[in-house]
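K.L.:
Numbering-wise, the sequence shown is residues 144 to 639 according to this note's numbering.
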Amino acid sequence: MLVPHIPYNRAETVQSYAARLSLIHTGQRASRLLEDCGVKPARFGIGHVEEIARFAEAAGVEIGVLLGGTIRALSRHNSFRDEDVSRQFLSPRVRQFCPHCLREDGPASKWHHRIVWCFSSIPICQRHGATLVELDDDAGDIGEAVEHAGGLEAAEALTQRAEGGRHLAWLHRRLDMVPDTGWLDGQTLEQVLNASEMLGIVLEHGQDIRPVKLPRMERSRSLEIGFRIYEQGSDAVYAALGDIRRKASATAVHAGPLAMYGPLYDWLDRRSQLIAPGPIRDILREHILDHDAYMQGEKLLGEVVTERRLHSVKSLALTLKVDRRRMSRLLQKLGLVPEGATDGESGRLVFPVAEVEQLVGDYETAIPLAEVPEYVGGTQSQTLALYRAGILPAVIPADAPGAVRGVIFARRVLNDLLARIGALPLLENGHQGRALTIAEACQRHGGRTDDLTRAVLLREIPGYRISGEPRLHGLRVFVSDILATRQVDVVGGGVP
């Protein structure tokens, strides 16, 4: 064991501790001491557990304590305290430092390379409220970093006043092993900081920004903005995504999630495959599915869409095999699209499946006009009269008045007609001779089939049905009832 014993500072990296001990015991860089202790410097530098254990034994420190300050370099990424992290996000190499902290440490043999300086997204020293000195090239230890900066005094002159904010305070608490009390507890350091940064960047700079082009202090400001939202939980994040979407300048019908959410979507879709991004991906996926029309089986952010939630005019037109512009006009008639909306305006609208599923269901089980007479038990002329009068509305109305080509009817509409006939009272046997069919009543006493049928179904004129299945041809009326109704119209000032 090395004598005298030099305690380890839990705020520093294990490489920093080795560098301090080497300066005190050998006056040289860390590799000399490590070799004297039987530790391979290269393997120690990448956090190999066996080498850390040998060094811990020589330094008189528990292995678990030193592993808490070890950033391990694995084949594809790094690891810190059992959390997978990307190499760019967290590295044991010295990239930046606070010269004011080093001044407080004392002579070079007491300089500590803090773990918090290893996070690329943290360019501020919370203790001194100053920017960290950034190096052009990574240094092997803190002494080398100060040399690259031109000395401690020159490095101090490079710093500027800066406030760390809530995200930096949170990071210090996590590094100090203070447990979280909110939803951040189950997320890794990288998941929280990266999600906060990307959320803040898009909120502040829009969908067209390239994050790598932003100055590091501007990115830090965006990180703080995003973190203040992110720490509040998933509902706050979802609401912020709504703000981002509303600010999007994309207006094209085919504008996708990349145009709506910018680099946030790009990061979650393509640039976060190695390190899981955390719950932000699921939140964005839900937000997209709640605002854009995706069909079942499509892939979104790495997962297959299990059910359609929304329809666009285009997707609905494709589903129903109807021209898109005609579908737009139909939806205007249904009140789902604003009257007079342009193709571009209607193309960007989406509709909850629940609102249009009846239309889709009606279409899928529809009955052509030619088959309707047999279905309802009427004649072709009766069916046409009811259709033109609106008593039997078509699933998709014809473009021209009186057009019948390709007209189809929802099965539920026809069943409703038959149910209304079935609800009429049965004609008693003794009165069947005096009762007339709808057609007979119109032929003998004037009137239109559609008008009389409507009056019977609305109970304006008493109507009856013969026994058996409810059918249109089974409707019966009495002349006396028709004449009585006309007399009431005359007395009331109506037209007989």
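From the three backbone atoms N, C-alpha and C, an ideal C-beta is built for every residue, glycine too. Here the structure is a predicted model, which is why all the values come from computation and not from measurement.
(1) Locate the alpha helix (DSSP H) running through Arg531, then write down its first and last residues.
(2) Alpha carbon to alpha carbon, how far is Ser222 from Tyr151? Give it in angstroms, no decimals.
(3) What residue range does the beta strand (DSSP E) around Asn221 cover?
(4) Report yes or no: do the segment 256 to 269 and the segment 235 to 246 share at least 3 C-beta pairs separated by less than 8 Å?
(5) Who are the near neighbours of Val634 in its chain, counting only those whose CB is closer than 7 Å to its CB and skipping five residues on each side?
(6) Given Asp227, which residues of its chain have a CB within under 7 Å of its CB, disregarding the five upstream and five downstream residues?
(7) Please give the ranges of any beta strand (DSSP E) in the segment 231 to 265, keeping only runs that are unbroken, at least 3 residues long and fully inside the region.
(8) So does the segment 202 to 217 actually touch the segment 181 to 190, counting three or more Cβ pairs closer than 8 Å?
(9) Between which two residues does the alpha helix (DSSP H) holding Gln433 run?
(10) Does the Cβ-Cβ distance between Ala553 and Thr522 come in under 9 Å?
(11) When we look at the beta-carbon of Arg197 and count the other beta-carbons within 10 Å, is it buried (16 or more) or exposed?
(12) Looking at C-alpha atoms only, which residue of Lys253, Ile206 and Thr302 is the closest neighbour of Thr274?
(13) What does DSSP give as the partner residues of Leu443 in its beta bridges?
(14) Quick one: is Gln239 buried, meaning 16 or more other Cβ sit within 10 Å of its Cβ, or exposed?
(15) Taking Cβ to Cβ, would you say Ala300 is nearer than 9 Å to Glu290?
(16) Could you tell me the alpha carbon to alpha carbon distance between Ala513 and Pro536, rounded to whole angstroms?
(17) If I measure Cβ to Cβ from Gly590 and keep anything under 8 Å in the same chain, skipping five residues before and after, which residues do I get?
(18) So for Leu459, helix, strand or coil by DSSP?
(19) With distance defined between alpha-carbon atoms, name the residue in Leu479, Ile265, Ala460 and Arg472 nearest to Tyr506.
(20) In terms of DSSP beta bridges, what is Val620 paired with?
(21) Distance, Cα to Cα, Glu517 vs Ile426?
(22) From the DSSP secondary-structure annotation, give me the bridge partner or partners of Thr274.
(23) For Asn337, count neighbouring Cβ atoms within 10 angstroms of its own Cβ and tell me buried if that reaches 16, exposed if not.
(24) Measuring CA to CA, which of Gln158, Gly293, Ile344 and Glu333 is closest to Trp254?
(25) Closer than 7 Å by C-beta to Glu347: which residues in its own chain qualify, once you throw out the five before and the five after it? Chain order, please.
(26) Look at the alpha carbon of Leu569 and the alpha carbon of Gly533, and state the distance between them as a whole number of angstroms.
(27) Excluding five sequence neighbours on each side, which residues of the same chain lie with their C-beta closer than 7 Å to the C-beta of Val204?
(28) Does the beta-carbon distance from Val503 to Leu463 come in below 9 Å?
(29) For the beta strand (DSSP E) holding Val228, just list the boundary residues, first then last.
(30) By how many angstroms is the C-alpha of Ile344 removed from the C-alpha of Gln269?
(31) Using the rule of at least 16 other Cβ atoms within 10 Å of the residue's Cβ for burial, across every protein chain shown, is Gly637 buried or exposed?
(32) Hey, quick one: how far does the beta strand (DSSP E) through Val493 stretch, first residue to last?
(33) Quick one: residues in its chain with C-beta nearer than 7 Å to the C-beta of Asn449, no 5 flanking neighbours on either side, listed in chain order?
(34) Please list the terminal residues of the continuous beta strand (DSSP E) segment that includes Arg215.
(35) If you run the structure through DSSP and keep just helix, strand and coil, what is Ala282?
(36) Classify Ala298: buried if its beta carbon has 16 or more other beta carbons within 10 angstroms, exposed otherwise.
P.N.:
Based on what the coordinates show:
(1) That run of the alpha helix (DSSP H) goes Gln523 to Arg531.
(2) The alpha-carbon separation between Tyr151 and Ser222 amounts to approximately 20 Å.
(3) Asn221 to Phe223 is the extent of the beta strand (DSSP E) around Asn221.
(4) By the Cβ criterion, the segment 256 to 269 is in contact with the segment 235 to 246, since at least three pairs of Cβ atoms, one from each stretch, lie closer than 8 Å.
(5) Here the model assigns Val634 a pLDDT of 38, short of 50, so the residue's position is not dependable and the matter cannot be decided.
(6) Cβ-Cβ distances below 7 Å link Asp227 to His220 and Ile418 in the same chain, with the five nearest sequence neighbours on each side left out; the list follows chain order.
(7) The qualifying runs are 237 to 240.
(8) The count of Cβ pairs closer than 8 Å, one atom from the segment 202 to 217 and one from the segment 181 to 190, reaches three, so the stretches are in contact.
(9) It is worth fixing the name first, because residue 433 is Asp in this sequence and not Gln. First-last for Asp433: undefined, no H or E at that position.
(10) Against a cut-off of 9 Å, the Cβ pair of Thr522 and Ala553 comes out as no contact.
(11) Its Cβ being crowded by 16 or more others within 10 Å, Arg197 is buried.
(12) With distances taken between Cα atoms, Thr274 lies closest to Thr302.
(13) Note: Leu443 sits in a beta bridge opposite Glu446.
(14) So Gln239 counts as buried.
(15) No, they are not a contact pair.
(16) Computed Cα separation, rounded: 15 Å.
(17) Excluding sequence neighbours, Gly590 sits near Ala584 and Ile625.
(18) Note: Leu459 maps to helix in three-state DSSP.
(19) Of Leu479, Ile265, Ala460 and Arg472, the residue nearest in Cα terms is Ala460.
(20) Leu579.
(21) Distance between the alpha carbons of Glu517 and Ile426: 52 Å.
(22) Note: Thr274 is bridge-paired with Ile267 in the DSSP secondary-structure output.
(23) By the neighbour-count criterion, in which 16 or more other beta carbons inside 10 Å mark a residue as buried, Asn337 falls on the buried side.
(24) Closest in C-alpha terms to Trp254, from the list Gln158, Gly293, Ile344 and Glu333, comes Gln158.
(25) Cβ neighbours of Glu347 beyond the five flanking positions: Ser365 and Ile368.
(26) The straight-line gap from Cα to Cα measures roughly 26 Å.
(27) Non-local beta-carbon contacts of Val204 in its own chain, meaning distances under 7 Å to residues more than five positions away in sequence, involve Tyr151 in chain order.
(28) In this structure, Leu463 lies closer than 9 Å to Val503 by Cβ.
(29) For Val228, the enclosing beta strand (DSSP E) starts and ends at Glu226 to Val228.
(30) Ile344 has its alpha-carbon roughly 22 Å from the corresponding atom of Gln269.
(31) Below a pLDDT of 50, predicted positions are generally treated as unreliable, and Gly637, at 40, falls in that range; the measurement from the model is reported next regardless. The C-beta of Gly637 has fewer than 16 other C-beta atoms within 10 Å across all chains shown, which makes the residue exposed.
(32) Where Val493 is concerned, the enclosing beta strand (DSSP E) stretches over Val493 to Pro495.
(33) Note that residue 449 is Thr in the sequence shown, not Asn. Excluding residues up to 5 positions away in sequence, Gln439 lie with their Cβ nearer than 7 Å to the Cβ of Thr449 in the same chain.
(34) Boundaries of the beta strand (DSSP E) harbouring Arg215: Ile214 to Ala216, taken from the DSSP string.
(35) In this structure, Ala282 counts as strand in the three-state DSSP scheme.
(36) Counting Cβ neighbours within 10 Å, Ala298 comes out buried, since at least 16 surround it.
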